[in-house]
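Those protein sequences? They're chains W and S, same order as listed. Start counting the first sequence at 2; every next residue gets the next number (the numbering used here). Start counting the second sequence at 1369; every next residue gets the next number (the numbering used here). A virtual CB, placed ideally from N, CA and C, is assigned to each residue, including glycine. Source: prediction; values computed, not measured. Structure record follows, encoded as structure tokens.
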Amino acid sequence: MSGSTDDAALVARAQQGDRSAVAEIYERHHPAIYRYIFYRVGDTPTAEDLTGTVFVRVVENIDRFVYRGRPLLTWLYTIARNVVVDHHRRTGGAAAVPLDERVVTGEGDVERAAERALSQQRLAAALSHLTEDQRQVILLKFIEGMSNEEVAETLGKTIGAVKSLQHRALAALQRILSDGGGR
Amino acid sequence: MKHHLDDILDNCLVELLAGGGSVEECLSRYPEHANSLRPLLDGALRASRLALPEMTPSASKVAKRRMMAAWDEKQHRELRIPLALREFVARVGSSVGGPGGGEAPLRGTLLVTAAMALAVVLLTVLPGTLLEIGRYRKVPQTAVLADVAGVVEVQRGTGDVWRVASTDIMLKSGHHVRTGSVSSVTLRFFDGSRTVLSPGTEVSLTELSSRRDGASRTVILNQLVGQTENHVVKLVDAASRFEVHTPTTVAEVRGTEFTVNVSEDGTTSVSVREGSVGVTIGGTTQVLAAGQFASVPPPSPTAESSPAATWVSIEAPDAFDKSELAGIARPTVTPSAAAEPDQTAASTATASATTSAPEPTPTWDEVADDPDGPLDKDHPEHPEHPEQPTHPGLPDQAEPDVPPGRDKDKDKNK
């Protein structure tokens, strides 16, 4: 995979002290990391601040990173997840974000109400009720637009596992959005 | 049956996300599953059609600047091992750690040899190492927070958690300090100098040290964003220094009062209230006298590949031969803006010399003290975590992905 080759070369350059490689890591990956964090915390300023923290940690730990064929983004997602966990721990914020229960109303018209209501914030709130794997599949497949193969490689799972996760994640989302709350 | 439905759902999604067909067409092929599939397909399509969340350009610049500042600080802090030696060590490591592994005694011998070679290089090749001995040995020094107003946070090391701090907290090299959007704080250094951080400012204490005998006092700050007002006592000897680094400049003075402002776009402004300051950018030194200021634009994209050009050292005039200044251009000054020597109010003097940021200063969430402390050893990113050295394809640390009563996904491992 040419992407893997690029990642390996980029990491090697950074580990050898190439400042431009470090900048390139940021330029290449900060949008995806930001989107992941945004859908974990649900608000822009926090997501922006935490994105910066992720890449500072990348700098601190790049020398210990050992490239073994998995995408660099996998490692970045790991750091991002830990940054978000630390953030929730510090702020005492609930891992699950309350949904706006005003959204789903309309007797006999649940689908249209849900469609009308879905927004970035609403999706973020719904995603907070999923497991991490389910969240990742939703984000990677339907937000980042990755193929099953790419998702499998990023998450370190088989394609079959990705399809199964996809099914469960979508079913969970459908329940959450139609119920207006978590189970 | 379950896996069959997984595949049906996925087949429909692949087709729909590629823009081919409609939900109804897909459901018509699987009428027995239509009721189950419809809401799943609708949900997936809605999610895929949402606008992508994006960082604001200013926030992206700030985040990148934090990353590059951390990188520069790390390079400044660490010894740089020559590439050849790195390769040598890597080859030694791989020759004993490859598939099938190596014999333990051979591994131990080669690792010891590599370590000895590294020690020889450090002692004989690299000048100015941290292995100063005798009376020239540097000892770490400290600073203290004073006049805390509002929300002031301290980070003990890059990547560590930010903690709300109070007056009299002691700081040392490697610590970071930041102020909230309506907050301020004074750093009082061991040598009597002090730096006032205005609202929305973040600095890191790159070095605080002196010689054992008190000479060679060193204060080096890295200012990422915001405004600082620096009151530097007269330095005791030629080796003492007070430096403020920014993305484009380094101000080094020997007894003066000056202000450094770094706006969100990376523009650095240095203004001098008392004494004189030399500003060096990319090897060119310019001298600022009291009442003058210089404004340095943000680094250009090419500057990142030549870090020396982004760092500016400011030397006091008596620290170098003035004949070296011959032919060096005077800094760009705005006499009308800077010529307010009679104004004693620091805020007024500094306001006249600073460039207003084009975007609002970012605000930080107020963060409560973290009773758990920094990353503990069980945290996957802790250096001592047993899995840290390996590729971070770590087992998922979050909650299990199965409802209670079911086995884990049998396909989890490839």
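Output, in chain order, the set of chain S residues within a Cβ distance shorter than 7 Å of residue i.
{"i": "W:Asp87", "result": "Val1529"}
{"i": "W:Ala172", "result": "Leu1408"}
{"i": "W:Leu141", "result": "Neighbours of W:Leu141 on chain S: none; closest Cβ ~12 Å, over 7 Å."}
{"i": "W:Val57", "result": "Arg1434, Met1435, Ala1438, Thr1526 and Gly1527"}
What does the Cβ neighbour count give for residue i, buried or exposed, with the cut at 16 atoms within 10 Å?
{"i": "S:Gly1695", "result": "With a pLDDT of only 38 at S:Gly1695, under the threshold of 50, the placement of this residue in the model should not be trusted; the figure read from the coordinates follows. S:Gly1695 comes out exposed."}
{"i": "W:Leu64", "result": "It should be noted that the sequence gives Asp, not Leu, for residue 64 of chain W. The residue in question, W:Asp64, is exposed, as its Cβ has fewer than 16 Cβ neighbours within 10 Å."}
{"i": "S:Ala1511", "result": "buried"}
{"i": "S:Cys1380", "result": "buried"}
{"i": "S:Met1538", "result": "exposed"}
{"i": "S:Glu1392", "result": "exposed"}
{"i": "S:Asp1559", "result": "buried"}
{"i": "S:Leu1420", "result": "exposed"}
{"i": "W:Gln17", "result": "exposed"}
{"i": "S:Ala1438", "result": "buried"}
{"i": "S:Met1484", "result": "exposed"}
{"i": "W:Pro99", "result": "No answer about W:Pro99 holds up, because its pLDDT of 45 lies below 50 and its placement is not dependable."}
{"i": "S:Asp1536", "result": "exposed"}
{"i": "S:Val1382", "result": "exposed"}
Check whether the Cβ of residue i lies closer than 8 Å to any Cβ atom in chain W.
{"i": "S:Gly1388", "result": "no"}
{"i": "S:Ala1533", "result": "no"}
{"i": "S:Ala1725", "result": "Summary for S:Ala1725: the model assigns pLDDT 36, below 50, so the residue's position carries little reliability, and this model does not support an answer."}
{"i": "S:Lys1442", "result": "yes"}
{"i": "S:Arg1434", "result": "yes"}
{"i": "S:Glu1392", "result": "no"}
{"i": "S:Glu1383", "result": "no"}
{"i": "S:Glu1422", "result": "yes"}
{"i": "S:Gly1542", "result": "no"}
{"i": "S:Ala1485", "result": "no"}
{"i": "S:Ala1431", "result": "yes"}
{"i": "S:Gly1469", "result": "Residue confidence for S:Gly1469 is low, a pLDDT of 45 falling below 50, so the modelled location carries little weight and cannot support an answer."}
Can you tell me the Cβ-Cβ gap for residue i and residue j, rounded? I've got them flagged as a contact below 8 Å.
{"i": "S:Leu1589", "j": "S:Val1612", "result": "5 Å"}
{"i": "S:Leu1385", "j": "S:Ser1416", "result": "6 Å"}
{"i": "W:Thr52", "j": "S:Met1423", "result": "7 Å"}
When the cut-off is 8 Å and only beta carbons count, does residue i lie next to chain S?
{"i": "W:Val152", "result": "no"}
{"i": "W:His31", "result": "yes"}
{"i": "W:Val23", "result": "yes"}
{"i": "W:Val60", "result": "yes"}
{"i": "W:Gly53", "result": "yes"}
{"i": "W:Val105", "result": "For W:Val105, the predicted structure reports a pLDDT of 36, less than 50, and the residue's modelled location is therefore unreliable. The matter cannot be settled from this model."}
{"i": "W:Arg14", "result": "no"}
{"i": "W:Arg41", "result": "no"}
Anything in chain W within Cβ reach of residue i, meaning under 7 Å, just list it in chain order.
{"i": "S:Ser1428", "result": "His31"}
By the criterion of Cβ-Cβ separation under 9 Å, what are the contact partners of residue i in chain S?
{"i": "W:Leu124", "result": "Arg1414, Ala1415 and Leu1418"}
{"i": "W:His168", "result": "Lys1370, Leu1373, Asp1374, Leu1377, Asp1378 and Leu1408"}
Answer yes or no: do residue i and residue j have a C-beta to C-beta separation smaller than 8 Å?
{"i": "S:Leu1565", "j": "S:Thr1547", "result": "yes"}
{"i": "W:Ala24", "j": "W:Val55", "result": "no"}
{"i": "S:Thr1636", "j": "S:Val1664", "result": "yes"}
{"i": "W:Gln121", "j": "S:Leu1418", "result": "yes"}
{"i": "S:Arg1609", "j": "S:Glu1620", "result": "yes"}
{"i": "S:Ser1428", "j": "S:Val1507", "result": "no"}
{"i": "W:Arg169", "j": "W:Gln135", "result": "yes"}
{"i": "S:Leu1405", "j": "S:Leu1413", "result": "no"}
{"i": "W:Tyr68", "j": "W:Val152", "result": "no"}
{"i": "W:Gly157", "j": "W:Arg41", "result": "no"}
What residues of chain W sit near residue i, judged by a beta carbon separation below 8 Å?
{"i": "S:Asn1643", "result": "Strictly speaking, residue 1643 of chain S in this sequence is Gly, with Asn absent from that position. Near S:Gly1643 there are no residues of chain W at all, since even the closest Cβ is about 33 Å away, more than 8 Å."}
Residues of chain S with CB under 8 Å from residue i, in chain order?
{"i": "W:Leu178", "result": "Gly1411"}
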